Each structure stands twice: as structure tokens, then as C-alpha cells.
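A.B. asks:
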């Protein structure tokens, strides 16, 4: 968690090698500044923001990064056209941060009934609506919805199976029979892991849970339908790693599952076009390895990106076939990714190799329609010319 240190005196003193890209990011975000900033929550090392480009002749340096949160950093959601950042830490703690003033305000919802306890996953999902920037979604055992930037919350019913984890077996032993350090170091069980709002209609919502539910609502969260039972061949209680509402149609969505906890390393990727009544499996070209995240190109719904335990994959035919990105990307766990809405860069957060930015995915969005043309001129995005600038000669930054 704390990176790499070296000692030249048998451990009496250490030098921290703080410019090696080995960060462990859970969730990432971007803003609309020029150049845009990248935000990320790190395992055991707080939450950070940094520029996607600088004018310094050495590029992006360690002191370009600013801490914006504490604890184990999780999802980071900068509010559009604002200095406000919604910052999540472990187990449902959400903080509203004003990046200009440094003011912080806790927003975590608590039950009115003292006998009720909400359950939140270690990596609690947090999302700002793309259609209403004051609307925020937070996942626990219920879906919490705020329409005033987190100052107040509405809640849905419990969207999990509400299974008592002490009734489950771990290596053949019931949780209730464990006498020492029961549930020590683990999250509670029966929680929302992923949230999606349809880009076509904000009242269509999807959630996926750690105990296998894939729920959909068509009325903003008032009524829900559980759909995982319609996925042929999927074992019960499969951990939902991501749900994604698609631009293909109001009833379209993708869902991925991670079953490595059950010793199952097969990839699980599915799509529905009828609100979960039927699902088709989309794993052609994928090797063994759990799937963590799926993303759709905002300009072409046929172009998909998939992050797994080992690599990044792309599809140009709505997931019918996947191919591995063979650039200089590392072999590592891909936890989260986003396409910048203006610059169309693909920003990925990994759990072990920090951030990576792949410039301008517009050609991929246009590529499928240009296959049969002898010549195709791809769209050119507006850009900013950066002249090198050096306000200091050296900053004491080591190079490795």
C-alpha cells in the first residue's frame, strides 16, 4: 500500500521512491478544466487530483498532485462546472469538498430508526447524474438518492437478498461458528456494488449487488425488478462487478460478474435490450480472468472497453468479439475507467500501476463506419497548444 522504499544503511533510514507509478486506484473521475484534472481514490493513501498535462518541460511531476481526501480513497465525482468534489472513502463515508476553500462536509446517510443499520461496501459506489448535476446516487443495501447535492436523501427498499452472512460457509465453516475475529477485516454483506443511470432517461436506474442481484427501475427508484434470474447458466449469488446503462435503447444495459471468490476465473459479460427479461453472453475473445469494469464510447454505442484482472480489451461490435489493447499498457488489474466528455481521452485507473491516459478515442468511434472506404479523414478535436514553461530549474524529483 505504501509503495517502494530503499535503504543504503541496513534499514536505519529509508528513501521513499515516490515517482514510480504503482498506485492502487479504486475509482476515478475527471473535470472540465483545460487541461482537465484526473481524480482518484487510492488504497490506504487517500484521494488525489492532478493535471492530465502541464507546461513543465519535465511533464507531470509529483508536486503537481494535490490531496483532496483522507482514508482509503474510493470513487471521486467532481461536480460539473463547479469547484465541488464528492469524495468517497471506505464503507459509505461521503464528503463534499470545496476545492477552492478546502471546506468539507460529511454527507453519509443514517437511518432514522436506531434499530436499523445501513450496509455499505468497502468500495461504496457514488455517482453524479449526467442529466441533473445536483442529483447524487449512493449505494448501500438501499439506493440513496439526493436531489440537493447530498444535503438530504431519499432511499429505496433493500435491493439485496438480505442474506445473513453468518449463515454462509467459508471453507466449509459457517460464519456463526467462527469465534475469533469474526468478520474481521471484511465488509458487511448484501450491498450495492455498482449503479447506472440511463443516458436516455434519468428515471431508468440499474444496480448490481455483491450477492448477485441485478435490479432495474423505470420510475426513478420507486419500483424495482430483479433480473439476474433471467441470465441463463449464471450461478446464484454471483458478485456484480459493474452495471452499465447503454445508449442502444432505454431497455439496454450491460452487466459483468466476478466469481474469483468461488474459485471461478471465467469472464462473465452480458447484455440486455429488454430491461433484463433476456440476456446474451458476450465473452468471445476473452481469456480467463475476472471482469471488473465495462465502458461504452459516448459517440458510438458499438465501441466498448473492458477492464479485467490482467488487461484492457476493446470491442467495435457491441461486445460480440473482444481484442486486447496491445499498446504499452501494463499487465495489471483495471479497476475503473472513463472517457473524457470533451477530449475523448480514455482514462483508466489500475490497482497496481496508477493512472493511464490514452489520447482521443474518437478514431475508434468512427473506425467501424470507415472500414469500407478507401480514404477516411478522422474528426479533429479542438486542442490547446502548450508552450514549455520552467518556473524552477530543478525540483529534486528522482527518476527511475
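In our numbering, the protein residues as written are 6 to 405. All residues carry an ideal CB built from backbone N, CA and C; glycine is no exception. Keep in mind the model is a prediction, meaning the values are calculated, not measured.
At a cut of 8 Å, does the segment 330-340 reach the segment 291-310 through at least three beta carbon pairs?
C.D. replies: yes
A.B. asks: Specify the secondary structure class of residue 227 as computed by DSSP and reduced to three states.
C.D. replies: coil
A.B. asks: I need the straight-line Cα distance from residue 39 to residue 388, nearest angstrom please.
C.D. replies: 10 Å
A.B. asks: As an exercise, report each continuous alpha helix (DSSP H) stretch of at least 4 residues that is fully enclosed by the segment 350-374, in chain order.
C.D. replies: 367-372
A.B. asks: I need the straight-line Cα distance from residue 253 to residue 20, nearest angstrom please.
C.D. replies: 52 Å
A.B. asks: Give a yes or no on whether the C-beta atoms belonging to residue 349 and residue 365 are separated by under 9 Å.
C.D. replies: yes
A.B. asks: Out of 116, 218, 256, 245, point me to the one whose CA is closest to residue 224's CA.
C.D. replies: Selection 116, 218, 256, 245 evaluated against residue 224 yields 256 as nearest (Cα-Cα).
A.B. asks: Under a three-way DSSP split, which group does residue 152 fall into?
C.D. replies: coil
A.B. asks: Taking just the CA atoms, how far does residue 172 sit from residue 48?
C.D. replies: 29 Å
A.B. asks: Let me check understanding here. Comparing Cα to Cα, which of 54, 142, 74, 386 lies closest to residue 226?
C.D. replies: 142
A.B. asks: Given residue 316, which residues of its chain have a CB within under 6 Å of its CB, disregarding the five upstream and five downstream residues?
C.D. replies: So the list reads 329, once near-sequence residues are dropped.
A.B. asks: Note down the Cα distance separating residue 392 from residue 64, rounded to an integer number of angstroms.
C.D. replies: 12 Å
A.B. asks: Should residue 25 be labelled buried (16 or more other beta-carbon atoms within 10 Å of its own) or exposed?
C.D. replies: That one is exposed.
A.B. asks: Between the segment 86-93 and the segment 115-123, can you find at least three pairs of beta-carbon atoms closer than 8 Å?
C.D. replies: Counting C-beta pairs closer than 8 Å gives fewer than three between the segment 115-123 and the segment 86-93, which falls short of the contact rule.
A.B. asks: Please classify residue 34: does DSSP put it in a helix, a strand, or coil?
C.D. replies: strand
A.B. asks: Quick one: using the 10 Å Cβ neighbour count with 16 as the cut-off for buried, is residue 251 buried or exposed?
C.D. replies: buried
A.B. asks: Quick check on the DSSP output: the beta strand (DSSP E) that includes residue 258 runs from which residue to which?
C.D. replies: 258-263
A.B. asks: Enumerate, from N- to C-terminal direction, the unbroken beta strand (DSSP E) stretches of 3 or more residues contained entirely within the segment 41-99.
C.D. replies: 42-47, 52-56, 71-74, 78-83, 89-94
A.B. asks: Would residue 57 and residue 74 qualify as a contact pair, given that the criterion is a beta-carbon distance under 9 Å?
C.D. replies: no
A.B. asks: State the Cα-Cα distance for the pair residue 270 and residue 291, rounded to the nearest angstrom.
C.D. replies: Straight-line Cα distance between these residues: approximately 11 Å.
A.B. asks: Closer than 6 Å by C-beta to residue 93: which residues in its own chain qualify, once you throw out the five before and the five after it? Chain order, please.
C.D. replies: 79, 80, 99, 129, 131
A.B. asks: Just mark residue 153 as buried or exposed, buried being the case when its beta carbon has 16 or more other beta carbons within 10 Å.
C.D. replies: Residue 153 comes out exposed.
A.B. asks: So residue 2 and residue 23 are in contact, right, with Cβ under 8 Å, and what is the actual spacing, rounded?
C.D. replies: Nothing can be reported for residue 2, as the shown portion of the chain is limited to 6 through 405.
A.B. asks: So, at 7 Å on beta carbons, what are the nonlocal neighbours of residue 368 in its own chain, with the 5 sequence-adjacent residues on each side left out?
C.D. replies: 383
A.B. asks: Please list, in chain order, all residues of the same chain as residue 241 whose beta carbon is under 7 Å from its beta carbon, the five residues on each side excluded.
C.D. replies: 217
A.B. asks: Can you give me the C-alpha to C-alpha distance between residue 101 and residue 15, rounded to a whole angstrom?
C.D. replies: The straight-line gap from Cα to Cα measures roughly 44 Å.
A.B. asks: Where does the unbroken beta strand (DSSP E) through residue 297 begin, and where does it stop?
C.D. replies: 296-302
A.B. asks: Give a yes or no on whether the C-beta atoms belonging to residue 243 and residue 28 are separated by under 9 Å.
C.D. replies: Not closer than 9 Å, so no.
A.B. asks: Threshold first: 3 residues or longer. Then list the beta strand (DSSP E) segments lying entirely within the segment 303-356, N to C.
C.D. replies: 305-313, 317-320, 339-344, 351-355
A.B. asks: Which value, in whole angstroms, describes the spacing of the CA atoms of residue 136 and residue 83?
C.D. replies: Answer to the nearest angstrom: the Cα atoms are 14 Å apart.
A.B. asks: Figure out for me which residue from 31, 198, 313, 282 has the closest Cα to the Cα of residue 125.
C.D. replies: 198
A.B. asks: Can you tell me whether residue 176 is buried or exposed, with buried defined as 16 or more other CB within 10 angstroms of its CB?
C.D. replies: exposed
A.B. asks: Have a look at 327, 307, 345 and flag the residue whose alpha-carbon is nearest the alpha-carbon of residue 372.
C.D. replies: 307
A.B. asks: Scan the segment 116-204 and note each continuous beta strand (DSSP E) run of 3 residues or more that stays entirely inside, going in chain order.
C.D. replies: The beta strand (DSSP E) runs of length 3 or more contained entirely in the segment 116-204 are, from start to end of the chain, 131-133, 141-144, 147-151, 159-163, 197-202.
A.B. asks: Please classify residue 247: does DSSP put it in a helix, a strand, or coil?
C.D. replies: strand
A.B. asks: Rounded to a whole number of angstroms, what is the C-alpha to C-alpha distance between residue 362 and residue 41?
C.D. replies: 12 Å
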